[in-house]
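Per full-length UniProt numbering, residue 1 is the first one in the sequence shown, and the count goes up by one each step.
Think of the CB as a built atom: it goes at the ideal place given N, C-alpha and C, for glycine as much as any other residue.
Shown next, in structure tokens, is the structure this report addresses.
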Amino acid sequence: MTHRLRGPVRIVGTGLLGTSIGLGLAARGVEVQLADASPTAMRLAADYGAGRLAEPGDAPELIVVAVPPDVTAQVVAQELAAFPDAVVTDVASVKAVPLAQLRELGADISRYLGSHPMAGRERSGALAGSGDLFVGRPWVIAGHDEISYERGSLVDDLILDLGAVPIESTPDEHDRSVAIISHLPQLVSSLMAARLADAPDEALRLAGGGVRDVTRIAASDPALWIQILGANAPAVVDQLRALQGDLATLVDALDRLDASGSRKAVADALRAGNDGVARLPGKHGTHTRFTRVQVRVDDRPGQLARLLVDIGDAGVNLEDVRMDHAEGAQFGVAEITVLPEAVRHLHDALEALGWQVVA
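Structure, rendered in structure tokens:
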């Protein structure tokens with residue numbers, strides 16, 4: 001496979017992101033050198049094909065630091081000092097604090113450019129790594145004035161080689177942005193999931209797609225998120241206070257539903273949610289509206305595959321698909337996302353083939 005980076009690329013930290021970067025680059029023919037404070041983690045990533053173990057005398061052109069946020073600046077500074085000809089980036093989820101700490105340490109930030117791939121999973125570690133993790137995902141480049149365009153272009157090459165989409169930002173802009181699109185959702189998801197801990201079994205048996213969607217990321221690692229939130233606390237607090245105000249308004253309206261204006265306040269909150277979700281980029285970065293069609297799929301081998309083939313044979317482009325299951329049911333419901341103009345044709349084509357279209 002073709003690649004822009006000449007290599008070698010040194011990866012420090014072989015968790016989910018470090019291993020995934022190594023797998024993606026190695027698959028494209030780039031020499032990858034792996035380093036980690038844990039010999040076990042490093043060897044496991046190497047065994048899975050993310051690269052070879054780092055050796056004395058290595059001379060990487062690019063170093064990717066993929067370690068927890070609370071030690072990112074220290075590790076970046078060590079790498080800058082140990083490899084004076086290399087450009088160093090990191091993939092920590094906060095950008096202003098590491099840059100400020102590097103300045104305080106007197107590090108050579110003319111060879112440092114922070115970045116952040118907007119991709120991840122609830123699971124962590126090398127076992128969760130995937131060379132395709134970044135394909136089509138935004139990858140922020142948090143630029144600063146001390147690094148030249150020529151040196152910074154290596155980070156561009158890394159991002160493009162992994163199939164991601166480079167997005168330019170400043171460290172402060174990045175941190176404000178992730179506070180609302182990543183850090184606040186994590187807290188909301190966790191708080192919602194915490195309500196389930198003492199919920200009666202009778203309620204949990206009714207769980208469907210809505211609660212699963214809201215709580216999916218609540219399975220994330222608390223130890224990692226304490227570091228992330230601590231490093232971006234001011235921006236996150238701003239978002240939490242705004243949310244707190246919205247919640248107070250909604251609680252007051254529902255508590256006095258017969259009072260004048262209360263129902264309007266509830267409707268305004270729901271309508272604001274409609275407006276917000278409509279602004280999220282969809283497939284191919286567009287704001288195209290899609291419609292969902294639900295189809296019953298029996299819990300038997302090959303049924304979902306047959307459904308997908310039948311959709312293709314009907315000439316309908318499948319935009320997205322997800323499965324939902326009810327407790328004890330021997331079938332699931334496939335939620336198929338298509339363009340609105342394809343709904344009637346798809347409905348008729350599937351029913352003609354014996355599928356039960358439930359909505």
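The three-state secondary structure of H3, taken from DSSP, is coil. Two segments are said to touch when three or more pairs of C-beta atoms, one from each, lie closer than 8 Å; by this definition the region 345-358 touches the region 310-322. In its chain, beyond the 5 residues on either side, L250 have a beta carbon closer than 6 Å to the beta carbon of A269. Selection L34, L206, S115 evaluated against A73 yields S115 as nearest (Cα-Cα). The beta carbon of G13 is closer than 7 Å to those of D36, V65, A66, V67 in its chain, skipping five residues each way along the sequence. Contact annotation: L16 and A128 have beta-carbon atoms nearer than 8 Å. Excluding its 5 nearest sequence neighbours in each direction, E31 has C-beta neighbours in its own chain below 6 Å: G7, P8, listed in chain order. Non-local C-beta neighbours of L240 in its own chain, meaning closer than 8 Å and more than five positions away in sequence, comprise L184, L187, ordered along the chain.
By the beta-carbon neighbour count (other beta carbons within 10 angstroms, threshold 16), A231 is buried.
By the neighbour-count criterion, in which 16 or more other beta carbons inside 10 Å mark a residue as buried, S93 falls on the buried side.
Under the three-state reduction of DSSP, W355 is assigned to coil, being neither helix nor strand. Residue environment: S38 is assigned as exposed (fewer than 16 neighbouring CB atoms within 10 Å of its CB, all protein chains considered). Comparing alpha-carbon positions, the option among D90, V140, D85 lying closest to V75 turns out to be D90. Considering only T215, A248, W139, the residue with the shortest C-alpha distance to T170 is W139. By the criterion of at least three beta-carbon pairs nearer than 8 Å, the region 189-199 is in contact with the region 217-226. Per the C-alpha coordinates, the member of R279, A164, S110 positioned closest to G120 is A164. By the Cβ neighbour-count rule, R216 is exposed, with fewer than 16 other Cβ atoms within 10 Å of its own. Approximately 5 Å separates the beta-carbon atoms of L80 and D108; this is inside 8 Å, confirming the contact.
K95 counts as buried, since no fewer than 16 other beta carbons sit within 10 angstroms of its beta carbon.
With fewer than 16 other CB atoms across the displayed protein chains lying within 10 angstroms of its CB, Q330 is exposed. Per DSSP, reduced to three states, the secondary structure at R111 is helical.
The continuous stretches of beta strand (DSSP E) do not include D145, and DSSP gives it neither H nor E. Annotation: the region 42-95 contains the following complete segments of the beta strand (DSSP E) (minimum length 3 residues), in chain order: 62-65, 87-90.
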